[in-house]
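Take 959 as the starting number for the sequence shown in my numbering and just add one per residue.
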Amino acid sequence: MVQKKDDSSRKKAIAGVIICGIFGTARYIAKKSDESPVIDNNNIYLKNKTKITINTNISAYERKIKPAIDRALSFMALIVLMPFFIVISLAIYIDDPGTIFFTQTRVGKGKRFFKIHKFRTMKMNTPHDIPTHQLSNPEQYITKVGKFLRESSLDELPQIWDIFRGKMSIIGPRPALWNQEDLIEEREKWDANSCMPGLTGLAQIKGRDELEIIDKARIDGEYIGVLRSGNWKGFLQDVRCFVKTIISVINHDGVLEGGTGEMGKRRLGICSAETYRDAGFKEYGYLKKYCIDKSSLNRKKVLITGINSYIGESFEVYAKAHYPENLEIETTDMTDDSWREKDFSKYDAIFHVAGIAHADVGHVKDEVKRRYYKVNTGLALETAQKAKREGVKQFVFMSSMIVYGDSVSCKNQKIIDEYTLPNPEDFYGDSKWQADKRLRRMGSDDFHVAVIRAPMIYGKGSKGNYLTLSKLAKILPMFPDVKNRRSMLYIDNLCEFLSLLILSGENGIYFPQNAEYCRTSTLVEEIRKSKKGTIHLVKVLNFAVVAGSRMPGKISRLINKAFGNNVYSQKLSIYNGLDYRVVDFEESIRRTEEESKEKNTGGKPILFLVNHDVVIYNFRLELVERLLEEGYEVHISSPYGQRIDDLVALGAKYHKIVIDRHGMNPVADLAIIKEYKRLIDAINPIMVLGYTIKPNIYGAFAAKAARVPFIPNITGLGTAVENGGFCQKLIILFYKAAFTHVKTVFFQNKANMRFFRRYHIAVGKYKLIPGSGVNLKRFPLKSYPYCQDGKEGEPVRFAFISRIMKEKGIEQYLVAARQIKVVYPQTEFHICGFCEEEYEGKLEELNSKGIIKYHGMIQDVAEFMADIHCVVHPTYYPEGISNVLLEACSCGRPIITTDHDGCREVVEDGVNGYMIPQRNSEALVNAIERFLKLSWKEKESMGLAGRRIVETQFDRMQVVEAYMKEINYD
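Written out as structure tokens, the structure reads:
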């Protein structure tokens, strides 16, 4: 008897040890699987929303007892339910092979992100991380096993693991998706974001998916109130929720695929007050009457927020051509922070076009989706808030037809009428919809918000679906004859609409579209007709379209975009007193195709303004060659130099001018402006490009007077600006006056761009380019010459390649040469470049003593680099990006340079060279000694690292493409 008791006790002890071991192992795995801190790097709720407050009214039950119960129960459940996990996993895999579990980013306690786990119930081709209610016909994505798991709520079982690892509780508000900003905001009103989210909760037993967001948040708030009203009350509430959840699951209560009470509600009469408000039925523009004053007395100043936008640029051109007396247009860049410093108070209207265009939404990463919401939603709201705060009267926002979901197949009809509710299908559409409805909430009597839900826009220079169809129309002999219907909007019709809307100052929701619906087949036929060709529309091919539209995944999405049905009721698009349909469909296609020819411009002239032939030949040659290749007529204004003949031989036209680069003679400088004006009048260029200070300033004045687009390149600010004083103030005044009408300002480093922004020079027209770039072919990677340690054997060769002047660091280089040669006699210090008069004697002396080797001006820098081991550039001269450093790195040579604007961008300290303080000879000596102590292999590796840097960041073709993008827009 005693023996049996002992055996029983031993078994219990062993079982206890095993359970403790399993528990400890599980806890270790849970800690190891915890989310990385970087999960909150893009957490908009922590960065842009109100600060998280610590609630001190938390009961002992919520703080200690509830987490302990959660952990104990979840651990037992994991052990007991393990067989069910295995069976369900096998069923999921057999039904639709792929991953068993899936994770989603959810918002947890304190609005911090975490990854929630579920059994996969959707097919592998389902768009990820999108709430079910944002999917069109969500049932089509649910697997057979998944439908059972959802109806029985077994798909939630893996969240027991999330409870065990401390990210969730058994009872609490259901965790929101990271992009459900509406729900997060509503919960914030009830302090429901400060509680641990739960597997189930009070809202789940009171309605689950049928609840509207505002009601769901309110019920979550009720739960929090009881939880924090006392220990026993909180505990009893959790027990009731737990029991009622089991009953609710058994009865299948509250399960409605498609979501938050909006699925199936498409008619005005049965939608909730919240939905009705968001849809904005009473704000529809067709309900208004308009009386447009086109007299010169009705003048509006408009700011387009978003540079390089097709719609924004088209509207600016159209308004200047058709409403010059009424609309004054300016544009600001939204890609950096400069717009936040801009004064909005001087504008009557803001036209917001900045946003991320539609992309493949099938399988993209979380950070990409967050970027859509950050730009399409967050940036729009922030811009509107600033506009409202600073007294702007009207805010016009480019929304999209996509807020109503994607097109349906050609076998179905989709007509969006005055009763249709928005229903975004993916994160792109939802990002637009969130901005659409929340912007309208900001509207008031003093701040009119106009939202344009435009269909597909096409016209001269348009991209996207139209461009694809245009290319197909020109090459295919036949095309499917599908009888679908699409709403489309020609760009000139949109621009006329925008002009009239801004002149009216009205608010509301607008649906501009062409007077005619379009068949895809007819569109292709009209494009081909505009080219004097014929394409055969063949009904036999229609079966392929129908079959493709039924295929899962990307193929069906693409086919439905091209051949699907998606139209606005024309009733929504006709406005009393607002006649914007200035071009009919056939004429719009003719204009688009005639004007969208390849931009072989038939000799359109481009004028370069430079102060030295080397400036254009050494650093802009590739751009000149590209322009000539594409049929442009290239004109160069520069003082004569031997490289001019080489440029003329290529086909460029030369115009001599005298420029004193360092002089401050106002009479001589006025002569430069006069000559530039004469040259522009004679050449009539479509674009003027300026380089270096005087051509930039005086060229801008001349181009402004002639109303010719001007693009200056800030290659450095010059010593006069860097040294401050009266000269700096004078040059700033010149820049401000000259750059008021420049098209774009190219900067080679961020410091110069910050300087311009600080003094409010041409703000909103900035673009950062990688210096002048380097031609990787002209400066190829060269084999690294052998050397030893500088004390004996093969010498180590250093080179200073620059204009020989104090600001370039020649003094420091010469001091270093003297000191290093004493300890390291097998070193050579080479100097190449034009020598300022003050240094001629000194260089001659040091050259005769063997301390340096001066070569004067050299023609082939790349060839000279072949024997050099390291290029030294100790400059403190105001540069853009140092070209000699780029050329050295391109040839595979390590560099030693200063922590200075235009230099630090090229060197990674200890990787491809060393960076030292400015004007510090001792630091330069130490850096050279560090380099000498490296092995030959380490020196070679440094050079190779430099080559990799310029290949990825400073390829000159990047600069050429930036210029061509600006030039090719007319």
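Backbone N, C-alpha and C define an ideal beta-carbon position, used for all residues, glycine too.
Close beta carbons around residue 1749, own chain, < 8 Å, minus the five adjacent residues each side: Within the same chain, residue 1749 has close Cβ partners 1781, 1782, 1783, 1784.
Outcome for residue 1656 when other beta-carbon atoms lying within 10 angstroms are tallied against a minimum of 16: Buried.
Residue 1138 and residue 1074 closer than 8 Å at C-beta: Result no, Cβ atoms of residue 1138 and residue 1074 do not sit closer than 8 Å.
Straight-line gap, residue 942 to residue 1325 (C-alpha atoms, nearest Å): No answer is possible for residue 942: the residues shown for the chain start at 959 and end at 1928.
Own chain residues within Cβ distance below 8 Å of residue 1477, not counting five before or after: Excluding sequence neighbours, residue 1477 sits near 1440, 1441, 1442, 1443, 1444.
Residue nearest to residue 1539 in terms of C-alpha spacing, selected from 1470, 1584, 1505: Nearest C-alpha to residue 1539 among 1470, 1584, 1505: 1470.
Residue 1395 beta carbon less than 8 Å from that of residue 1236: The answer is yes: Cβ separation under 8 Å.
Span separating the alpha-carbon of residue 1158 from that of residue 1026: Their backbone Cα atoms lie some 17 Å apart in a straight line.
Three-way DSSP call (helix, strand, coil) for residue 1524 in this model: Residue 1524 falls in the strand class under three-state DSSP.
For residue 1873, the first and last residue of its enclosing beta strand (DSSP E): Note, residue 1873: beta strand (DSSP E), 1871–1874.
Contacting residues, own chain, Cβ-Cβ under 6 Å from residue 1581 (five flanking each side not counted): Residues 1918, 1921 of the same chain have their beta carbon placed closer than 6 Å to that of residue 1581, with the five preceding and five following residues left out of the count.
Residue interval of the alpha helix (DSSP H) (run including residue 1025): Element bounds for residue 1025: 1024–1038.
Bridge partner(s) assigned by DSSP for residue 1757: Under DSSP, the beta-bridge partners assigned to residue 1757 are 1788, 1829.
Simplified DSSP assignment, three categories, for residue 1867: DSSP places residue 1867 in strand when its eight states are reduced to three.
Member of 1636, 1879, 1416 whose CA lies at the smallest distance from the CA of residue 1551: Distance check between residue 1551 and each of 1636, 1879, 1416 places 1416 closest, using alpha-carbon atoms only.
Under 8 Å between C-beta atoms of residue 1308 and residue 1350: Yes; because the gap between Cβ atoms is below 8 Å, this pair is in contact.
DSSP bridge partner residues for residue 1258 (one or two, in chain order): DSSP, once it has assigned bridges, lists 1285 as partnering residue 1258.
Supposed close pair residue 1408, residue 1343 - CB separation, criterion 8 Å: In this structure, residue 1408 and residue 1343 do not form a Cβ contact; the two beta carbons are roughly 16 Å apart against a cut-off of 8 Å.
Contiguous beta strand (DSSP E) assignments of at least 3 residues, all confined to the stretch 1109–1176: 1127–1129, 1156–1158, all fully within the stretch 1109–1176.
Own chain partners of residue 1306 with C-beta closer than 6 Å, once the 5 adjacent residues on each side are dropped: For residue 1306, same chain residues with a beta-carbon under 6 Å away, outside a window of 5 residues either side, are 1258, 1259, 1351 in chain order.
Touch test, the stretch 1416–1431 against the stretch 1232–1249, Cβ-Cβ under 8 Å, three pairs minimum: The stretch 1416–1431 and the stretch 1232–1249 do not touch, with fewer than 3 CB-CB distances between them shorter than 8 Å.
Residues of its chain near residue 1438, where Cβ-Cβ distance is below 6 Å and the 5 sequence neighbours each way are ignored: Excluding its 5 nearest sequence neighbours in each direction, residue 1438 has C-beta neighbours in its own chain below 6 Å: 1499, 1500, 1503, listed in chain order.
8 Å Cβ cutoff met for residue 1567 and residue 1634: For residue 1567 and residue 1634, yes; Cβs fall inside 8 Å.
For residue 1399, the nearest candidate out of 1346, 1618, 1413 (CA to CA): Between residue 1399 and the set 1346, 1618, 1413, the nearest pair of CA atoms involves 1346.
Nearest neighbour of residue 1797, chosen from 1825, 1765, 1816 [CA to CA]: For the residues 1825, 1765, 1816, the minimum Cα distance to residue 1797 belongs to 1765.
Supposed contact pair residue 1788 and residue 1727 - C-beta distance, whole angstroms, cut 8 Å: Rounded, the Cβ-Cβ distance is 30 Å, inconsistent with contact.
Any non-hydrogen atom of the ligand ADP closer than 7 Å to residue 1694 Cβ: In terms of ligand content, the structure shown is empty, and the ligand ADP therefore cannot be addressed.
CB-CB length for residue 1451 against residue 1541, believed under 8 Å: Right, their Cβ atoms sit about 6 Å apart.
Cβ pair count under 8 Å reaching 3, the stretch 1705–1719 against the stretch 1897–1911: The stretch 1897–1911 and the stretch 1705–1719 do not touch, with fewer than three beta-carbon pairs separated by less than 8 Å.
Nearest residue (CA-CA) to residue 1475, options 1844, 1432, 1341, 1373: Selected option, being the one with the closest Cα: 1373.
Proximal residues to residue 1835 (C-beta, below 6 Å), its chain only, five neighbours per side dropped: Spatial neighbours of residue 1835 in its own chain (CB-CB distance under 6 Å, excluding positions within 5 residues in sequence) are listed in chain order as 1765, 1766.
Where residue 1384 falls: helix, strand or coil (DSSP): In the three-state reduction of the DSSP assignment, residue 1384 falls in the coil class, being assigned neither a helical nor a strand state.
Cβ contact check for the stretch 1843–1863 and the stretch 1871–1884: 3 or more pairs under 8 Å: Yes: at least three Cβ pairs fall under 8 Å.
For residue 1430, the nearest candidate out of 1405, 1536, 1418, 1483 (CA to CA): It is 1483.
Cβ contact check for the stretch 1058–1076 and the stretch 1125–1139: 3 or more pairs under 8 Å: Because the criterion of three Cβ pairs below 8 Å is met, the stretch 1058–1076 and the stretch 1125–1139 touch.
Identity of the residue in 1909, 1536, 1641, 1912 nearest residue 1454 by Cα: Here the closest residue by C-alpha is 1536.
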